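Colleague:
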Amino acid sequence: MKKLTIPMSGINRSTDDAIAIDGQCMELINARLKNGSIEPVGHPILEKTFTSGLRPVYIHKNGIYEHVITYSQEGDLIYDSNRTDNGYISKNIIIHNIPNIREVQSVGNTLVVTTVSATHYILFSGTVYKYLGEKPEMPVINFFLSNEGLEKSENNVTLVDRIKVELSSYNQFENGNIDVVTNAMNGSVSKLVSKVNKDGYLCYPIFVRYALKLYDGSHIMHSAPLLLMTPYMNPVSTYIYQNLTNSDDSWINWKDGYMTGFKFESIVSKCRLSYEAFTTELTNWKDIITSIDIFISKPINTVNLNSPIEDFYCGDQGSPASHDPYLDINLNTYNQGEIKDKALNVSVFYKVHSIDIKPYVGATKIQDEKVLENLEQNETLSDDPFSHNRLTGGSFIYNSKLHLYNIQESLYEGYPLDIFQIKSQYWGETPAAINGSGTTHVYIKTDSGEKITSSSFRLHNSYGLIPFICYPDSRATKIIIRITASGKTYQKTFMLTSHPFLNLAYNIHDNYVHALTLDDFSDAVTAKDSEDALVKRPNILKVSEVNNPFIFPSDHTYSVSNREIIGLAVVTNALSTGQFGQFPLYVFTGEGIYALSTGIGDIAYQNAFPVTRDCCNNPQSIVSTDNSVVFSTERGLMILSGSTVATISDKIEGFLPSSIDSSPIIKKIATVAGLENTLSSIEFIYYLKDACIGYNYEDKEVIVSNTTYGYSYVYGLTSGEWHKISIAISGFLNSYPQCFAVLSDHGMYNMYNQHRTVNKILLLTRPIKFGSITYKRILQSAIRGVIRPSQSNLYFRGESVKFRDQEISIFSNCGVYVLGSNDAEHFTLISGREKIEDVRDLITKMNKTHAFKYFMFCVAGGVRTDVSLNYIEVLADETYQNRLR
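Per the working numbering, the sequence shown runs over residues 278 to 1162.
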């Protein structure tokens, strides 16, 4: 007779039952290996129930509040309740109807809701959630340079050398006269321009651009650069009046037929940057958008005041006898082509004005006298990082940044043509007003082929269109504009050129600048092409600014692989000594996992390195633990720590034990605990494919659940063992450090239950051989430990202990059973004990059984969770030792 001790461990299916290590479990339900003993697992704690048709989708935590957000079958996103120290306070306020939501995330007070086609923003402000929408609507603002009169000054020039003038001909200044005339005229004009600018007036053409300023100072939804020409084609000029014969007021000095000097007038036009009244749809965004900021370029000079004046024209051309000959001494004016080239080199815009957010903004002239003073020291406008495009995809929050991956991008329909309207005299022109409507179609060349976007517009009393037409994407190739006015439709195709400095494509007239009118359009109208503005970029990751999920800088776009991105996860432990957090983000792709290293300064991530070729086959399986990431593959459940990948499902993989089906007694024992429907019915590798995974931080356990089945698998990171729980989980809610799970009964449960409570357990060992495959008889057996299957008076430090909302009826028919078999397939009951009272050690009576090769120990029934099963102990005899059996 031998006394044998067998320690117990978790579920293992990695080997055939006949050669299993003694003490491994075939099933271990609602109990786990902890500190070397099998301990019951408390039932998850019900946090909150929800009415039928509602399911919790997000726990919004920020500062002092914790809100439960639910989603209805009708597509309503609901502010369900507010969690306080005293429980949940019901709110039940519909936020907005958003069909087919994909994920809900948050950055601060802002909820980010992604669907298959859009990203929606919702702001918690005060006591309510305010739906903002997908994008703020850019207001249409029509700018112009208003005519504020002329600034003039008179100046005298005395020539160094008198000049013999030839009438009706161009004459040359020579030697010192060039310097005298140049210094006088250019200097006078330059001084006058400075005075005009100092008084807050503009005198040259400019570009104006506006954008929406966010709470953190960044800008989105940039307008097109609008080329504003002055009312006059020559805003800076000089003039010399003709002399009246015998007049004392002489503008040209003559002596002995020679010109000895002259008087000239410098003329500079004065303009104010102005805009017409407009309305906005931004009131709802007022907490996010603080102002509409206006930026201008440096003035585009139309004259070269650094160039010498070398000639002049003198003529009479039939002048009346009462007049002397006249002089034309012109400044060196840039030609139209040169002005166009100067305009195309504009890339920097300086802030000059801000408009508060309100529904209606009246017409305004910007009267700032310092508008051009130290302009280059003003805040500049960043380039537009595709902020008009609409993005969606998988979402992830890390370091207060919104990460969107597997991107679906809806290209911007184009600037409203309304903003290109000319509302005043433009470069010496006042064309006939246009009233009409129309459409624009923009053609963009992408990696997915040519895409077409479209928009509609309405023109009202427009004196043509600004000739600089553009689209905020340098890949755009052409714009087709169709205008219907006075019952007739016109069309023009504008071929676009990529801007050398800005993220836009533009068209400007080849030869000169002038207002675009219907005369520039053709009445030959072609059929409209079908719109296709959707671009799928499955391998792209975009990262927002810190604490700002509304803007995605261009340099925060990453392509880590040629295959689609499946999911993201974070880890904070070091890859090696001294490298803590060097690779803070893992990117799961269709060709393996990559680690992104932290960037420097404004760069979110700097480098991408491949970690493993293992490919995740289930995005719902990716979950971060304390210092690792768990995910599923075709090979099983994996754990990634640093740059090391290991399989943690080896023990649980394998064929299901056939003895459960071939031995009716096993299911009968499971029925004692009411757990017959939680016996495994599919191999783990298939169970895993459609499972969701969560992490219980307090217990350091990975929970794997597939709602098709009535049970979930649990892996203890500390013990390295598997067990099961008798619940099916439809999803997990991120609420660190709590692990909240959503069950099919419309309840939200906390998976960590540290209270003394009760639960039904089922422990089935794998066939035990006691060291050899020989026939053995068990004289007596014991499961060492403490079992309390009924409510007893329990005191802890002098205080009675009450169980947490558990029914006493759960304590029923707890028993221990011993089964025997000769083939590890067909088991029969050989011993047992039922209706156990409080007892230390489950000991069966002395009973010499029939001889068997394999034995199975079973514990089933309701127990308290403050108990433990330490190990199996038996007294056994071997028989028939003289030959193999």
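Ideal placement from N, C-alpha and C gives every residue a C-beta, glycine not left out. In this text, all values refer to a predicted model and were calculated from it rather than measured experimentally.
Please report the distance separating the alpha-carbon of ILE746 from that of ILE757.
Modeller: In the sequence shown, counting from the first residue as 1, residue 746 sits at position 469. In the sequence shown, counting from the first residue as 1, residue 757 sits at position 480. If you take the alpha carbons of ILE746 and ILE757, they lie about 11 Å apart.
Colleague: Tell whether a beta-carbon distance below 8 Å holds between PHE421 and SER551.
Modeller: In the sequence shown, counting from the first residue as 1, residue 421 sits at position 144. In the sequence shown, counting from the first residue as 1, residue 551 sits at position 274. In contact: PHE421 and SER551 (Cβ atoms closer than 8 Å).
Colleague: Flag this pair as yes or no: are the beta carbons of VAL1136 and ILE1055 separated by less than 8 Å?
Modeller: Here the question's residue 1136 lines up with position 859 in the sequence shown. Here the question's residue 1055 lines up with position 778 in the sequence shown. No, these two residues do not count as a Cβ contact at 8 Å.
Colleague: Would you grab the beta carbon distance between THR730 and GLY691 for me? Rounded to a whole angstrom, and I think it's under 8 Å.
Modeller: As a first step, residue 730 must be located in the sequence shown, where it is residue number 453. As a first step, residue 691 must be located in the sequence shown, where it is residue number 414. Between GLY691 and THR730 the Cβ distance is about 6 Å, and since that is below 8 Å, they are a contact.
Colleague: In angstroms with no decimal places, state the Cα-to-Cα distance between ASN683 and SER314.
Modeller: As a first step, residue 683 must be located in the sequence shown, where it is residue number 406. As a first step, residue 314 must be located in the sequence shown, where it is residue number 37. Computed Cα separation, rounded: 45 Å.
Colleague: DSSP three-state label for ILE517, please.
Modeller: Translated into the one-based positions of the sequence shown, residue 517 becomes position 240. Coil at ILE517, not helix or strand.
Colleague: Can you confirm whether the stretch 942-952 touches the stretch 915-926 when touching is taken to mean that 3 or more C-beta pairs between the two stretches lie within less than 8 Å?
Modeller: No, the stretch 915-926 does not touch the stretch 942-952.
Colleague: Kindly indicate which three-state DSSP category ILE696 falls into: helix, strand or coil?
Modeller: Counting from one through the sequence shown, the residue named residue 696 turns up at place 419. Note: ILE696 maps to helix in three-state DSSP.
Colleague: Tell me whether the beta-carbon of GLY453 lies closer than 8 Å to the beta-carbon of ASP438.
Modeller: For the purposes of this step, residue 453 is taken as the residue at position 176 of the sequence shown. For the purposes of this step, residue 438 is taken as the residue at position 161 of the sequence shown. Result yes, Cβ atoms of GLY453 and ASP438 sit closer than 8 Å.
Colleague: Evaluate THR902 with the Cβ neighbour count: other Cβ atoms within 10 Å of its Cβ, from every protein chain shown; 16 or more gives buried, anything less gives exposed.
Modeller: Within the sequence shown, residue 902 is the residue found at index 625, counting from 1. With 16 or more Cβ atoms within 10 Å of its Cβ, THR902 is classed as buried.
Colleague: Among HIS1032, ILE943, THR1142, VAL334, which residue has its Cα nearest to the Cα of HIS1103?
Modeller: Translated into the one-based positions of the sequence shown, residue 1103 becomes position 826. Minimum Cα distance to HIS1103 is reached at ILE943.
Colleague: Determine the DSSP secondary structure at ASP618, reduced to helix, strand or coil.
Modeller: Counted from its first residue, the sequence shown places residue 618 at position 341. ASP618: helix per DSSP, three-state reduction.
Colleague: Can you give me the C-alpha to C-alpha distance between VAL393 and ILE785, rounded to a whole angstrom?
Modeller: Working through the sequence shown from its first residue, we reach residue 393 at position 116. Working through the sequence shown from its first residue, we reach residue 785 at position 508. Inter-residue distance for VAL393 and ILE785 is about 38 Å (C-alpha atoms, whole angstroms).
Colleague: What distance in whole Å lies between the Cβ atoms of HIS1023 and SER329, which are believed to be in contact at a cut-off of 8 Å?
Modeller: Taking the first residue of the sequence shown as 1, we reach residue 329 at position 52. Taking the first residue of the sequence shown as 1, we reach residue 1023 at position 746. Rounded, the Cβ-Cβ distance is 6 Å, consistent with contact.
Colleague: Excluding the 5 residues flanking HIS833 on each side, which residues of the same chain have their C-beta closer than 6 Å to its C-beta?
Modeller: The sequence position of residue 833 within the sequence shown is 556, counting from 1. Excluding residues within five positions, the ones whose Cβ falls inside 6 Å are VAL820, ALA881.
Colleague: Leaving out five residues before and five after VAL417 in sequence, what residues of the same chain have Cβ atoms less than 8 Å from its Cβ?
Modeller: Here residue 417 refers to the residue found at position 140 of the sequence shown. Excluding positions up to five away in sequence, the list reads PHE555, PRO693, ASP695, ILE696.
Colleague: Just to confirm, is the Cβ distance from LEU679 to HIS499 under 8 Å?
Modeller: Position 402 of the sequence shown holds residue 679. Position 222 of the sequence shown holds residue 499. Their beta carbons are not under 8 Å apart, which means LEU679 does not touch HIS499 by this criterion.
Colleague: If you draw a straight line from the alpha carbon of SER958 to that of PRO1044, how long is it in whole angstroms?
Modeller: Locating residue 958 in the sequence shown gives position 681, where the first residue counts as 1. Locating residue 1044 in the sequence shown gives position 767, where the first residue counts as 1. Approximately 19 Å between the Cα atoms of the pair.
Colleague: For HIS791, list the residues DSSP reports as bridge partners.
Modeller: For the purposes of this step, residue 791 is identified with residue 514 of the sequence shown, where counting begins at 1. None; HIS791 has no bridge partner.
Colleague: Determine the direct distance from the alpha carbon of LYS412 to that of MET462, and round the result to whole angstroms.
Modeller: For the purposes of this step, residue 462 is identified with residue 185 of the sequence shown, where counting begins at 1. For the purposes of this step, residue 412 is identified with residue 135 of the sequence shown, where counting begins at 1. Rounded to the nearest angstrom, the two C-alpha atoms are 53 Å apart.
Colleague: Out of curiosity, what's the CA-to-CA distance linking TYR590 and TRP528?
Modeller: Position 313 of the sequence shown holds residue 590. Position 251 of the sequence shown holds residue 528. Approximately 15 Å between the Cα atoms of the pair.
Colleague: I believe PRO576 touches TYR487 by the beta-carbon criterion, under 8 Å. Please report the beta-carbon distance rounded to the nearest angstrom.
Modeller: In the sequence shown, counting from the first residue as 1, residue 576 sits at position 299. In the sequence shown, counting from the first residue as 1, residue 487 sits at position 210. Not really, about 18 Å apart at Cβ, beyond 8 Å.
Colleague: Determine the direct distance from the alpha carbon of PHE539 to that of VAL220, and round the result to whole angstroms.
Modeller: With the chain running from 278 to 1162 in the structure shown, residue 220 is simply not present.
Colleague: Please state the DSSP three-state secondary structure of ALA295.
Modeller: As a first step, residue 295 must be located in the sequence shown, where it is residue number 18. If DSSP states are grouped into helix, strand and coil, ALA295 belongs with the helices.
Colleague: For the stretch 1004-1021 and the stretch 974-981, state whether three or more C-beta atom pairs, one from each stretch, are separated by less than 8 Å.
Modeller: Result yes; three or more Cβ-Cβ pairs closer than 8 Å.
Colleague: Straight-line CA distance for ILE569 to THR560?
Modeller: If you number the sequence shown from 1, residue 569 lands on position 292. If you number the sequence shown from 1, residue 560 lands on position 283. Going from the Cα of ILE569 to the Cα of THR560 covers about 12 Å.
Colleague: Measuring alpha carbon to alpha carbon, tell me which of ARG309, GLY385, PHE886, GLU911 ends up nearest ASN895.
Modeller: For the purposes of this step, residue 895 is taken as the residue at position 618 of the sequence shown. With respect to the C-alpha of ASN895, the residue from ARG309, GLY385, PHE886, GLU911 having the closest C-alpha is GLU911.
Colleague: Could you give the DSSP three-state label for HIS226: helix, strand or coil?
Modeller: This structure leaves residue 226 out entirely; the chain is present only between 278 and 1162.
Colleague: So, helix, strand or coil for PHE829, using DSSP?
Modeller: Walking along the sequence shown from the start, residue 829 turns up at place 552. Three-state DSSP puts PHE829 in coil, outside helix and strand.
Colleague: Where does ASP800 fall in DSSP's three states?
Modeller: By 1-based counting over the sequence shown, the position of residue 800 is 523. Coil at ASP800, not helix or strand.
Colleague: Do you know whose CA, among PRO321, GLN301, SER624, lies nearest SER291's CA?
Modeller: Counting from one through the sequence shown, the residue named residue 291 turns up at place 14. For the residues PRO321, GLN301, SER624, the minimum Cα distance to SER291 belongs to GLN301.
Colleague: Would you tell me roughly how many angstroms separate the C-alpha atoms of SER1067 and TYR356, rounded to the nearest one?
Modeller: In the sequence shown, the residue the question calls residue 1067 occupies position 790. In the sequence shown, the residue the question calls residue 356 occupies position 79. At SER1067 the pLDDT is 46, less than 50, meaning the model places this residue with poor confidence; the figure from the coordinates comes in the next sentence. Across the structure, SER1067 and TYR356 are spaced so that their CA atoms are roughly 42 Å apart.
Colleague: Assuming the contact rule is C-beta atoms closer than 8 Å, GLN613 and LYS813 should be a hit. Round their C-beta distance to whole Å, please.
Modeller: To locate residue 613, count along the sequence shown from 1; it is residue 336. To locate residue 813, count along the sequence shown from 1; it is residue 536. Wrong, their Cβ atoms sit about 44 Å apart, outside the cutoff.
Colleague: Would you kindly work out how many angstroms separate the C-alpha atoms of ASP1154 and LYS1125, rounded to a whole number?
Modeller: The residue labelled residue 1154 in the question sits at position 877 within the sequence shown. The residue labelled residue 1125 in the question sits at position 848 within the sequence shown. Near 9 Å, if we compare the C-alpha coordinates of LYS1125 and ASP1154.
Colleague: Let me check one thing: in DSSP terms, what residues is GLN1015 bridge-paired to?
Modeller: The count along the sequence shown starts at 1 and reaches residue 1015 at position 738. DSSP lists SER1012 as the beta-bridge partner residues of GLN1015.
Colleague: What residues match up with ASN561 in a beta bridge as DSSP calls it?
Modeller: Reading the sequence shown from its first residue, position 284 is the one you call residue 561. Paired residue(s): none; ASN561 is not in a bridge.
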